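One structure is given below, encoded as structure tokens.
Numbering (the numbering used here), first residue to last: 668 to 977.
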């Protein structure tokens, strides 16, 4: 069962997620935050970090079914939560795997939560804890899901969108059958076709191999701050002493829909694609430093979509 992590200044409490879902008439599962913490919880967290892990690796014949949530176990989610705790905030972390549906992974041996669960949990938090800050953290294929959440819901907002080496290669192939099944069962509830997330935004590029941006490379307007980490380049000359290089890496700097870069910061790390997800990496140290530098942005009025005083 996947863990939910609550971080305060003095303690870390692990809450075990339930492995069953009540039947629903609509397409989304019940929000597990509501199930586990309930609307009457006495200690509403200051920050919720929604952490989405990536593909199970190459080779991995079982993707996306064998994808699993690893950002909590590796310590990446805890490192990000710790950065907000250092600001004096209590933090709840909830984790998800790179999959449309909740599913069982034979690699983790656990029930994993997918995008539809992320959507349900995120919606519950925004409606029930309007003063709680929201952070989307993702690695590799997971960045497609976090960016697509904002793409599918243009009126939803996050304080931080944190991307750890977003990769689109194989993502559409992995998830095509599940989107086909979902659309045939429920239709498309979103304003765009999320099954097409690579090379979909017609923002002019001055170089690279395609003319359009992938969703993972667009900081949609709902993201106030976007911290983007790219891993070390293949055979790069400026990697750290360990000599880490990446066979896959994010080579496209993020932009807004109008090709602007306000509120976006990009960093090229010393570590390879997986190395960036471990505490002590230059990647996570940079993320923590930026959070310490920037703090929390002005609080948005969720209905009027205007900024309020901190």
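Here a beta-carbon is modelled for each residue, glycine too, at the ideal position from N, C-alpha and C. Predicted model, so just to flag it, every value in this text is computed and none were measured.
From residue 915 to residue 834, what distance separates their C-alpha atoms?
As a position in the chain shown, residue 915 is number 248, starting the count at 1. As a position in the chain shown, residue 834 is number 167, starting the count at 1. Going by the C-alpha atoms only, they are around 8 Å apart.
Thinking C-beta only, is residue 759 closer than 8 Å to residue 694?
As a first step, residue 694 is located in the chain shown; it is residue number 27 there, counting from the start. As a first step, residue 759 is located in the chain shown; it is residue number 92 there, counting from the start. Inclusion of residue 694 and residue 759 in the CB contact set at 8 Å is not warranted, their separation being larger than that value.
- Item | residue 826 beta carbon less than 8 Å from that of residue 964 | Translated into positions along the chain shown, residue 964 becomes position 297. Translated into positions along the chain shown, residue 826 becomes position 159. Cβ atoms of residue 964 and residue 826: closer than 8 Å.
ask   = At which residues does the alpha helix (DSSP H) containing residue 810 begin and terminate?
value = Along the chain shown, read from residue 1 onward, the residue named residue 810 stands at position 143. Start and end: 809 to 819.
(Q) Quick check on this structure: which residue in 879, 917, 882 has the alpha carbon closest to the alpha carbon of residue 664? (A) It is not possible to answer for residue 664, since the shown part of the chain is limited to 668 through 977.
Reduced DSSP secondary structure (H/G/I, E/B, other) of residue 747: Stepping through the chain shown from its first residue, residue 747 is reached at position 80. In this structure, residue 747 counts as helix in the three-state DSSP scheme.
Q) In this structure, what does DSSP give as the bridge partners for residue 897? A) In the chain shown, residue 897 corresponds to position 230, counting from 1. Bridge partners of residue 897: 935.
Notebook entry, point to check: Cβ atoms of residue 768 and residue 781: under 8 Å apart, would you say?
Noted result: Residue numbering aside, residue 781 sits at position 114 when the chain shown is read from its first letter. Residue numbering aside, residue 768 sits at position 101 when the chain shown is read from its first letter. Contact: yes.
Nearest candidate by alpha-carbon position, reference residue 702, set 779, 959, 765, 788: If you number the chain shown from 1, residue 702 lands on position 35. For the residues 779, 959, 765, 788, the minimum Cα distance to residue 702 belongs to 788.
Bridge-paired residues (DSSP) for residue 848: On the chain shown, position 181 is the one that residue 848 refers to. Its beta-bridge partners do not exist; DSSP assigns none.
Problem set entry | Cβ-Cβ distance between residue 885 and residue 924 below 8 Å | Here residue 885 refers to the residue found at position 218 when the chain shown is read from its first residue. Here residue 924 refers to the residue found at position 257 when the chain shown is read from its first residue. Cβ distance < 8 Å, so residue 885 and residue 924 count as in contact.
> Hey, residue 890 and residue 817 are a contact pair by Cβ (cut 8 Å); roughly how many whole angstroms apart?
Replying inline: The residue labelled residue 890 in the question sits at position 223 within the chain shown. The residue labelled residue 817 in the question sits at position 150 within the chain shown. Distance from residue 890 to residue 817 at the Cβ level is roughly 6 Å; contact confirmed, criterion being Cβ atoms closer than 8 Å.
Compute the distance between the beta-carbons of residue 721 and residue 808, then report whether it is under 8 Å.
In the chain shown, the residue the question calls residue 721 occupies position 54. In the chain shown, the residue the question calls residue 808 occupies position 141. Cβ atoms of residue 721 and residue 808: closer than 8 Å.
- Nearest to residue 844 by CA position, among 857, 871, 863, is which residue? Here the question's residue 844 lines up with position 177 in the chain shown. Its Cα nearest to that of residue 844, the residue 863 stands out among 857, 871, 863.
Handout entry: Own chain residues within Cβ distance below 6 Å of residue 772, not counting five before or after
Key = For the purposes of this step, residue 772 is taken as the residue at position 105 of the chain shown. Only 733, 735, 779 meet the Cβ criterion.
(request) Report yes if the CB atom of residue 812 is closer than 8 Å to the CB atom of residue 819, and no otherwise. (result) Within the chain shown, residue 812 is the residue found at index 145, counting from 1. Within the chain shown, residue 819 is the residue found at index 152, counting from 1. No. Outside cutoff.
| request: Name the two residues that bound the continuous alpha helix (DSSP H) containing residue 736. | output: As a first step, residue 736 is located in the chain shown; it is residue number 69 there, counting from the start. Bounds of any alpha helix (DSSP H) do not take in residue 736, whose DSSP letter is neither H nor E.
Over the uninterrupted alpha helix (DSSP H) stretch that includes residue 834, give me the two end residues.
For the purposes of this step, residue 834 is identified with residue 167 of the chain shown, where counting begins at 1. That residue, residue 834, is in no alpha helix (DSSP H); it is neither H nor E in DSSP.
Residue 727: which of 931, 841, 700 sits nearest, CA to CA?
On the chain shown, position 60 is the one that residue 727 refers to. Considering only 931, 841, 700, the residue with the shortest C-alpha distance to residue 727 is 841.
Under three-state DSSP, which class holds residue 800? Numbered from its first residue, the chain shown carries residue 800 at position 133. In the structure shown, residue 800 sits in a strand (DSSP, three-state: E or B).
* Asked: Hey, how far is the Cα of residue 718 from the Cα of residue 803?
  -> As a first step, residue 718 must be located in the chain shown, where it is residue number 51. As a first step, residue 803 must be located in the chain shown, where it is residue number 136. Going from the Cα of residue 718 to the Cα of residue 803 covers about 6 Å.
**Q.** Reduced DSSP secondary structure (H/G/I, E/B, other) of residue 697
**A.** Here residue 697 is taken as the residue at index 30 of the chain shown, counted from 1. Residue 697 falls in the coil class under three-state DSSP.
Open item on the list: Would residue 747 and residue 935 qualify as a contact pair, given that the criterion is a beta-carbon distance under 8 Å?
Closed with: The residue you call residue 747 lines up with position 80 of the chain shown. The residue you call residue 935 lines up with position 268 of the chain shown. Taking 8 Å as the Cβ cut-off, residue 747 and residue 935 do not qualify as a contacting pair.
I'd like to check one pair, residue 715 with residue 761: are the Cβ atoms closer than 8 Å?
As a first step, residue 761 must be located in the chain shown, where it is residue number 94. As a first step, residue 715 must be located in the chain shown, where it is residue number 48. Their beta carbons are under 8 Å apart, which means residue 761 touches residue 715 by this criterion.
Handout entry: Rounded separation between residue 698 and residue 921 - CA only
Key = As a position in the chain shown, residue 698 is number 31, starting the count at 1. As a position in the chain shown, residue 921 is number 254, starting the count at 1. Roughly 30 Å separates the two Cα atoms.
**Prompt:** Can the beta-carbon of residue 700 be found closer than 8 Å to that of residue 792?
**Reply:** For the purposes of this step, residue 700 is identified with residue 33 of the chain shown, where counting begins at 1. For the purposes of this step, residue 792 is identified with residue 125 of the chain shown, where counting begins at 1. In contact: residue 700 and residue 792 (Cβ atoms closer than 8 Å).
With 16 other Cβ atoms within 10 Å as the buried cut-off, status of residue 944: Translated into the one-based positions of the chain shown, residue 944 becomes position 277. Buried, since its Cβ has 16 or more Cβ neighbours within 10 Å.
Practice prompt. Classify residue 945 as helix, strand or coil using the three-state DSSP reduction.
Written response: If you number the chain shown from 1, residue 945 lands on position 278. DSSP places residue 945 in coil when its eight states are reduced to three.
- Task: Could you have a look at residue 886 and say whether DSSP puts it in helix, strand or coil?
- Result: Sequence index remark: in the chain shown, residue 886 carries index 219 (1-based). Residue state, collapsed to three classes: coil.
Which residues does DSSP pair with residue 772 in a beta bridge? Indexing the chain shown from 1 puts residue 772 at position 105. In the DSSP assignment, residue 772 forms a beta bridge with 777.
Worksheet item: In the DSSP assignment, what are the bridge partners of residue 829?
Response: Counted from its first residue, the chain shown places residue 829 at position 162. As DSSP reads the structure, residue 829 sits in a beta bridge with 804, 894.
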